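Contents: one structure, followed by commentary.
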Amino acid sequence: MPQISIKNQKWKAALQDIWPLNRVHVSTEMSLAYRILQKYYKELKIFGYKSGQKINGWEIPKGWDVIKAILKDSNGNIIADYSKNKLCLWTYSPSFKGRVSSKKIKKNFFYNKKKPKSTLFHFRNQYNFHNPKWGFSLPYDKIKNFKDSFFDVDIKTKFFNSKLEMAEQVHHGKKKKSILFVGHFDHPQMCLDGLVGCLAGHEVISRMQNRKTRFTYRMLSTVEIIGSVFYAKNNAKKNKIKQAMFLATSGAKENIHYQHTFNGNTLIDQATKHCLKYFQSNFKSSLFRKGPLGNDETAFDVGGINIPCGSLMRAPYKNYHTDKDRPSGVSEKNLEEVINLVLEIIFIIENNYYIKRKFYGLPKLSSKKIDLYLQPPTVSGLKLKNNAEIYKKLYKDLDPKSLNYVKRNTNKWNYLMNVIPNMCEGDKTILDIAEYSGLPFKFVFNYLDQWSKKGLVKKIWKDQF
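Residue numbers (the working numbering): 34 to 498.
Structure below.
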């Protein structure tokens, strides 16, 4: 697939509009955020589950809106103001107004000495909403010198019956069998943790708009864990989801880390690790739940649901769960790289043919009729060059990094040519051959496509799901 121009992106505008909102599990601004997302990605559908609905002990909470939250010291100075920083108030804090002694209020403060200038995201009340506690997150640098005898607290919030919403965008293929990409859309006033992964996934689906596919591809923006639990139970089987990938922190200024499915060797594992070799040579990978971030893979890759789910992330990163996670920390280059990486993974899933020979014995690839010989870079000290026409065919639609790799590793071309006759008995895929030869899938696909056009092999499609 050719690289996409990034001049007219929707994701950057969507990021600016959505990131400051109060995106907790259920709130008026969370509902607004989904509708802003729909403004940019018009094909997506919003649906949800009512407060009080339960699955396996998970329960949809009530909605939570903040009217005001102000903390003052004994001199009347404002120390924290929700209208200035949404992370200063613990999510799902109940209303409270009163004067609290400095000794008692300590249990209602949250901070981290290792991040002294940051306001931290306190999220536990959302998962323990039956017994919420009020409190403030404050930078340690602000707290450490407090000598006040009391503090004045004025928190006014409201709880209401509503829906935990989520949004799904679908690219329909010939088959109803689906591959799911998922990200969590919650986390108020933050960008990398949640929101940019969702935007990366919606960009992927949007950029497939005019592309015919065998399988159906879905992007789900939902609430961390609980949203995926409800989707997995109620929608996964109906939507014929076969494998999934969680997209997290896609635009962070860190290297990519891939966390495997529990199986560890599914098609989505194989395709992702193969692509990463050429997209980012210094990427890291880990076993299931051994990565730097734990996400919604547990809601899908679990007994009864049984959908293998990997996680693609850029983590750990410096400003995790703090008010420093702002648009300025999002790398456009890194986010675009993830989008294109996922598109390459989809290309493999769609085009991973089995290869069956139609020849008997060694074909003469250098013959005028076939003309598919890939000569080694040197023979007996002579520098050799391949036919320029073959370059155009082999380089077709390669991403810049893969193209650079194949140009620097021309010795592997000849090796590819020599192993194909032993790997086309109908039991090996193009991905098998690409892995064995040490070359990018699309390059090998292009070369085998020429073998097919010359009548040397037959490409056989088998549904690997």
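Built from N, CA and C at the ideal position, the CB exists for glycine as well. Remember, it's a predicted structure, so these values are computed and weren't measured experimentally.
Looking at residue i and the ligand SAM, is the gap between the Cβ and the nearest heavy atom below 6 angstroms?
i      : result
Lys266 : By its list of ligands, the structure shown contains no ligand whatsoever, and the ligand SAM lies outside what it can speak to.
In angstroms, rounded to a whole number, what distance separates the CA positions of residue i and residue j?
i      : j      : result
Tyr125 : Asp482 : 57 angstroms
Lys351 : Lys445 : 39 angstroms
Ser399 : Lys486 : 16 angstroms
Asp368 : Lys389 : In the sequence on display, residue 368 carries Leu and not Asp. Taking the straight line from one Cα to the other gives about 38 angstroms.
Phe214 : Ile338 : 16 angstroms
Lys75  : Lys208 : 23 angstroms
Phe184 : Lys146 : 21 angstroms
Thr61  : Glu236 : 25 angstroms
Asp460 : Ser151 : 56 angstroms
Pro341 : Leu405 : 39 angstroms
Gly343 : Glu198 : 24 angstroms
Ile423 : Asn479 : 10 angstroms
Asp302 : Ile463 : 15 angstroms
Ala47  : Glu257 : 20 angstroms
Gln71  : Lys45  : 14 angstroms
Ile112 : Ser318 : 43 angstroms
Lys43  : Gly394 : 54 angstroms
Lys148 : Thr355 : 9 angstroms
Val371 : Leu345 : 9 angstroms
Lys275 : Phe498 : 7 angstroms
Gln222 : Trp52  : 5 angstroms
Leu77  : Ser107 : 50 angstroms
Ser283 : Ala233 : 7 angstroms
Leu104 : Lys177 : 16 angstroms
Arg68  : Glu201 : 12 angstroms
Ser116 : Ala66  : 18 angstroms
Asn164 : Gly362 : 35 angstroms
Ser261 : Asn110 : 42 angstroms
Ser413 : Lys397 : Bear in mind that a pLDDT of 45 at Ser413, under 50, signals an unreliable position, so the model cannot answer this.
Give a yes or no on whether the C-beta atoms belonging to residue i and residue j are separated by under 7 angstroms.
i      : j      : result
Ser170 : Phe129 : no
Asp219 : Arg56  : yes
Lys196 : Lys271 : no
Pro360 : Cys231 : no
Ser211 : Thr249 : yes
Asn194 : Lys87  : no
Val203 : Arg240 : no
Phe295 : Phe279 : no
Phe545 : Ala281 : The question about residue 545 has no answer here: the residues shown for the chain are numbered 34 through 498.
Val477 : Ile493 : no
Trp432 : Asn385 : The residue asked about is misnamed: residue 432 is Asp in this sequence, not Trp. Their beta carbons are not under 7 angstroms apart, which means Asp432 does not touch Asn385 by this criterion.
Lys402 : Lys491 : no
Glu383 : Cys308 : no
Asn328 : Asn288 : no
Tell me, which residues are paired with residue i by DSSP?
i      : result
Gln71  : DSSP, once it has assigned bridges, lists no residue as partnering Gln71.
Phe193 : Gly96
Met278 : Phe214 and Gly343
Lys130 : Asp187
Tyr250 : His204 and Ile212
His290 : Lys317 and Met346
Lys101 : Lys189
Which residue comes first and which comes last in the alpha helix (DSSP H) that contains residue i?
i      : result
Lys218 : Per the sequence shown, the amino acid found at residue 218 is Phe instead of Lys. Looking at the DSSP string, Phe218 is not in any alpha helix (DSSP H), and its letter there is neither H nor E.
Cys231 : Leu228 to Arg240
Val371 : Glu365 to Asn384
Ala265 : Ile259 to Asn267
Leu48  : Trp44 to Ile51
Ile138 : Ser135 to Ile138
Give the range of the beta strand (DSSP E) segment to which residue i is assigned.
i      : result
Tyr469 : No beta strand (DSSP E) holds Tyr469; the alpha helix (DSSP H) holding it covers Ile463 to Ser470.
Leu345 : Cys342 to Met346
Tyr387 : Tyr387 to Arg390
Give a yes or no on whether the minimum CB-CB distance between residue i and chain C is below 7 angstroms.
i      : result
Tyr250 : Protein chain content of the structure displayed is limited to a single chain, and chain C is not contained in it.
Could you check whether the region 91-110 touches the region 182-200, counting it as contact only if at least three pairs of C-beta atoms, one from each stretch, sit closer than 8 angstroms? Judged by Cβ distances under 8 angstroms, the region 91-110 makes contact with the region 182-200, as three or more pairs qualify.
Is the region 153-167 touching the region 115-123, taking contact as three or more C-beta pairs under 8 angstroms? With the cut-off at 8 angstroms, the region 153-167 and the region 115-123 touch.
Does the region 446-453 come within contact of the region 429-437, defined as at least 3 CB pairs closer than 8 angstroms? Not touching, per the Cβ criterion.
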